[in-house]
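Encoded as structure tokens, the structure appears first; notes follow it.
In structure tokens form, the structure reads like this:
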């Protein structure tokens, strides 16, 4: 038998074995617990499905650098969205690690990298830039119609970044306040006048209220839903980093309460929060420029650490060096290391 | 000729690993650096106990602050775990917190400045070298309180430095036993090497962005009053000392094989040596400013060389999330 045939047969055998998987439950096949975009050593971009034990469940090639995913509330399905000012998104079968649909931002729009599903799973919402006006928009996509674009709504500000579904069924949107235009890349066009806010939308995506009581150069980028309708807010300060206000706050009923971590930890964060997460074990935030992961009671050194995913009882942490850790209580344990640079966000699915 | 070639061979990089040698960095850089800091701050505290007049403390102040600038880039380990970094030196200080805190302390009768435990609890802004500089280089109206505060700061610096020196050997053991059972702080040698690399790259970034970048500001708006330790004419000295200390760290980490890094450090040191502007006040003068900008560019070249020659062998590319996040 020619060698190539033998190889091919072995390869097909491997495939056949893997097609047994759908008859098993997620837990039995070791389904992924979280998704992260990543860069491989050769510079190519991928989407990685990570199991809770830190091993890789799958990787899928991405056409360009990815950013964050949104998990479907019922199906083993997630949408991964391009990093701004990207225009692609892809719907992933999380168990099989395959692509089900590809989405493209409408003409004149680009994605900001985040999205969220409605609680009933019928609709996907994505944060978008209306490029010519700079207005923040929320794109609406009908899931049952193969993710058809059906309309859009105002985000309540400029530069909407992360959108999350709240336990009430409504949504929170982090309007970062910074205007950019694809022609000038990621250049910030309005630092002198920026006005970030946290917008609350109802279950249909309609704007309900806006809270903008933070310092005007505290760009709100990342948010996480906590208990009792609370939202953890993570900021990126656009002024002198040694003159930065607190980089975290908790929103509750229209009021923001800053989190005081003390001057030493505050300074270590270098005025930049990369991701936030909030689970039953409490909240956590990553400060990749400072190389530190903070919780209510601890600060862990983690060079280039950014991705956070709250799972039951623990929070998974990924970094640009390819490591996976788990925050458990006050401790941090290593789960795995991969030849990948994990990108900004790890999203639990 | 032959001998020279042989000498070159013996010194060839093949004998030293291309990755960080954790033990040599500890033995030749971190541990002696902290010993020097402890000795110089103790001498400073002694001098202050003997005579708190600013003019009699100048030489001890300069020696102790030199020792700090030469080791302050080692932010991980005991300094980080004790949260003492800001209490060693509170800079940058864009809001003038140091003078404000000192003004409060010198009139607040509730704090017993002769009690080291009580002083260790006051705001970090009043405890470090910037606070001591303020006491020594600005006129103090209330002589008695100023003397007590000067002694408290000097004594506190010695106390903090002694605790750092005392804590380092145990932390050094954690670094050299990386990967051993039960060592949760460093789970592999690579982690220890990366901690060193982070100290090196962060130190260079601080040099470029803060020590040089703050006074430079922009061409239209230079900020000479933001120069570090300008009251004691030490701004340029900090740059020169940190270049030397970071070069020592880079050379120990990179073994013999970092030619671009060595050349870039040599260039930056030469540029710094040419500047005759101890407090960097020339940043506001277009002709002199140019030379400070050239020095800053030379530091940038060091950063690039270090990424290439020290970071890359450790599998560290420029921070994916840190430098290019969203």
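Residue numbers (the numbering used here), protein chains in the order written: chain A, 41 to 389; chain G, 5 to 330. Where a beta carbon is used, it is the ideal one built from N, C-alpha and C, also for glycine.
### Task
Quick one: residues in its chain with C-beta nearer than 8 angstroms to the C-beta of residue 168 (chain G), no 5 flanking neighbours on either side, listed in chain order?
For the purposes of this step, residue 168 (chain G) is identified with residue 164 of the second chain, where counting begins at 1. Within the same chain, residue 168 (chain G) has close Cβ partners 38, 41, 42, 82, 83, 86 and 88.
### Task
Check whether the segment 380-389 of chain A touches the segment 99-119 of chain A, taking contact to mean three or more Cβ pairs, one atom from each stretch, closer than 8 angstroms.
yes
### Message
With a threshold of 7 angstroms between beta-carbons, can residue 105 (chain G) be considered close to chain A, or not?
### Response
Within the second chain, residue 105 (chain G) is the residue found at index 101, counting from 1. Chain A, which has no Cβ nearer than 7 angstroms to the Cβ of residue 105 (chain G), makes this no.
### Message
If I measure Cβ to Cβ from residue 235 (chain A) and keep anything under 8 angstroms in the same chain, skipping five residues before and after, which residues do I get?
### Response
Position 195 of the first chain, counted from the start, is the residue given in the question as residue 235 (chain A). The residues are 197, 198, 217, 252 and 256.
### Selection of the segment 152-186 of chain G by Cβ proximity to chain A, strictly under 9 angstroms
Using a CB distance below 9 angstroms, no part of the segment 152-186 of chain G faces chain A.
### Query
Between residue 158 (chain G) and residue 277 (chain G), is the Cβ-Cβ spacing less than 7 angstroms?
Along the second chain, read from residue 1 onward, the residue named residue 158 (chain G) stands at position 154. Along the second chain, read from residue 1 onward, the residue named residue 277 (chain G) stands at position 273. Cβ distance not < 7 angstroms, so residue 158 (chain G) and residue 277 (chain G) don't count as in contact.
### Query
residue 4 (chain G) lies in the alpha helix (DSSP H); which residues open and close that run?
Chain G is shown from 5 up to 330; residue 4 (chain G) falls before or after that span and cannot be answered.
### Query
Three-state secondary structure (DSSP) at residue 84 (chain A)?
The residue labelled residue 84 (chain A) in the question sits at position 44 within the first chain. Looking at residue 84 (chain A) - three-state DSSP - the assignment turns out to be coil, as it is neither helix nor strand.
### Query
By a C-beta neighbour count over all protein chains shown, 10 Å radius and 16 as the cutoff for buried, is residue 73 (chain G) buried or exposed?
Here residue 73 (chain G) refers to the residue found at position 69 of the second chain. Residue 73 (chain G) should be labelled buried.
### Message
Let's test the definition: count the other Cβ atoms within 10 Å of the Cβ of residue 255 (chain G) and tell me whether it reaches 16, buried, or not, exposed.
### Response
Numbered from its first residue, the second chain carries residue 255 (chain G) at position 251. Counting Cβ neighbours within 10 Å, residue 255 (chain G) comes out buried, since at least 16 surround it.
### Query
Between residue 184 (chain G) and residue 177 (chain G), what straight-line distance do the alpha-carbon atoms span, to the nearest angstrom?
For the purposes of this step, residue 184 (chain G) is identified with residue 180 of the second chain, where counting begins at 1. For the purposes of this step, residue 177 (chain G) is identified with residue 173 of the second chain, where counting begins at 1. Each residue's alpha carbon lies about 11 angstroms from the other.
#### Entry: Within-7 angstroms CB hit, residue 324 (chain G) to chain A
Taking the second chain and counting its residues from 1, the one referred to as residue 324 (chain G) is at position 320. It does; some Cβ of chain A falls within 7 angstroms.
### Buried/exposed call for residue 188 (chain G), threshold 16 Cβ in 10 Å
As a position in the second chain, residue 188 (chain G) is number 184, starting the count at 1. Its Cβ having fewer than 16 others within 10 Å, residue 188 (chain G) is exposed.
#### Entry: Three-way DSSP call (helix, strand, coil) for residue 31 (chain G) in this model
For the purposes of this step, residue 31 (chain G) is taken as residue 27 along the second chain, with counting starting at 1. The answer is helix: DSSP assigns residue 31 (chain G) an H, G or I state.
### Query
Below 8 angstroms, can you find three or more Cβ-Cβ pairs linking the segment 265-278 of chain A to the segment 92-109 of chain G?
No, they do not touch.
### Query
For residue 96 (chain G), which residues in chain A fall below 9 angstroms Cβ to Cβ?
For the purposes of this step, residue 96 (chain G) is taken as the residue at position 92 of the second chain. Chain A residues near residue 96 (chain G): 280, 281, 282 and 283.
### Query
What distance in whole Å lies between the Cβ atoms of residue 113 (chain A) and residue 157 (chain A), which are believed to be in contact at a cut-off of 8 angstroms?
Against the first chain, residue 157 (chain A) aligns to sequence position 117. Against the first chain, residue 113 (chain A) aligns to sequence position 73. Going by Cβ atoms, the distance from residue 157 (chain A) to residue 113 (chain A) rounds to 6 angstroms, so yes, they are a contact pair.
### Task
Please report the residue range of the alpha helix (DSSP H) in which residue 258 (chain G) lies.
Residue mapping note: residue 258 (chain G) aligns to position 254 of the second chain, counting from 1. 239-258 is the extent of the alpha helix (DSSP H) around residue 258 (chain G).
### Closer than 8 angstroms at the beta carbon, the chain G residues around residue 361 (chain A)
Sequence index remark: in the first chain, residue 361 (chain A) carries index 321 (1-based). Those are 198, 319 and 320, listed as they occur along chain G.
### Query
Can you find a CB in chain G that lies within less than 7 angstroms of the CB of residue 303 (chain A)?
One-based indexing of the first chain puts residue 303 (chain A) at position 263. Answer yes: the Cβ-Cβ gap between residue 303 (chain A) and chain G drops below 7 angstroms somewhere.
### Message
Check whether the segment 213-230 of chain A and the segment 180-189 of chain A touch, using three or more Cβ-Cβ pairs below 8 angstroms as the test.
### Response
no
### Message
Contact criterion: CB-CB distance below 7 angstroms. Does residue 200 (chain A) meet it with respect to chain G?
### Response
Locating residue 200 (chain A) in the first chain gives position 160, counting from the first residue. Residue contact check for residue 200 (chain A) against chain G: no CB pair falls below 7 angstroms.
### Task
Please determine if the segment 348-357 of chain A and the segment 292-308 of chain A are in contact, where contact requires at least 3 C-beta pairs separated by less than 8 angstroms.
no
### Message
In whole angstroms, give me the CA-to-CA distance for residue 375 (chain A) and residue 316 (chain A).
### Response
Position 335 of the first chain, counted from the first residue, corresponds to residue 375 (chain A). Position 276 of the first chain, counted from the first residue, corresponds to residue 316 (chain A). Whole-angstrom Cα-Cα distance: 20 angstroms.
### Message
Counting only Cβ-Cβ distances shorter than 7 angstroms, please list the residues of the segment 123-149 of chain A near chain G, keeping chain order.
### Response
123 and 124
### Task
Run down chain A in chain order and give the residues with a C-beta less than 7 angstroms from the C-beta of residue 224 (chain G).
What you label residue 224 (chain G) is simply residue 220 of the second chain in a count that begins at 1. Residues of chain A passing the Cβ test: none, with the nearest at roughly 15 angstroms.
### Message
Applying the 10 Å Cβ sphere with the 16-neighbour rule, what's the burial state of residue 176 (chain A)?
### Response
Translated into the one-based positions of the first chain, residue 176 (chain A) becomes position 136. It counts as buried.
### Query
Ordered along the chain, which non-local residues of its own chain (more than five positions away) have a Cβ less than 6 angstroms from that of residue 179 (chain A)?
Mapped onto the first chain, residue 179 (chain A) falls at position 139. Within the same chain, residue 179 (chain A) has close Cβ partners 166, 168 and 192.
### Query
Can you round the beta-carbon distance between residue 240 (chain G) and residue 282 (chain G) to whole angstroms, since I take them to be within the 8 angstroms contact cut?
Taking the second chain and counting its residues from 1, one reaches residue 240 (chain G) at position 236. Taking the second chain and counting its residues from 1, one reaches residue 282 (chain G) at position 278. So it is a contact: roughly 5 angstroms between Cβ atoms.
### Message
Suppose contacts are defined by Cβ-Cβ distances below 7 angstroms. Is residue 201 (chain A) in contact with residue 261 (chain A) by that definition?
### Response
Here residue 201 (chain A) is taken as the residue at index 161 of the first chain, counted from 1. Here residue 261 (chain A) is taken as the residue at index 221 of the first chain, counted from 1. Their beta carbons are under 7 angstroms apart, which means residue 201 (chain A) touches residue 261 (chain A) by this criterion.
### Query
Mind checking residue 363 (chain A): buried by the 16 CB within 10 Å criterion, or exposed?
As a first step, residue 363 (chain A) must be located in the first chain, where it is residue number 323. Residue 363 (chain A) should be labelled buried.
### Message
Quick check on this structure: which residue in A:304, A:324 and A:319 has the alpha carbon closest to the alpha carbon of residue 313 (chain A)?
### Response
Taking the first chain and counting its residues from 1, the one referred to as residue 313 (chain A) is at position 273. For residue 313 (chain A), the closest C-alpha among the options A:304, A:324 and A:319 is that of A:324.
### Query
Going by the CB atoms, is the gap between residue 189 (chain A) and residue 153 (chain A) shorter than 7 angstroms?
As a working mapping, residue 153 (chain A) is identified with position 113 in the first chain. As a working mapping, residue 189 (chain A) is identified with position 149 in the first chain. No.
### Message
Does the beta-carbon of residue 171 (chain A), which I'm using as the reference point, lie nearer than 6 angstroms to any heavy atom of the ligand SAM?
### Response
The ligand SAM is not part of this structure, which contains no ligands at all.
### Message
For a test of the three-state rule: what should DSSP assign to residue 117 (chain G), helix, strand or coil?
### Response
Counting from one through the second chain, the residue named residue 117 (chain G) turns up at place 113. Residue 117 (chain G): coil per DSSP, three-state reduction.
### Query
Using CA coordinates, which residue listed in G:309, G:98 and G:290 is at the minimum distance from residue 224 (chain G)?
By 1-based counting over the second chain, the position of residue 224 (chain G) is 220. The shortest Cα separation from residue 224 (chain G) among G:309, G:98 and G:290 belongs to G:290.
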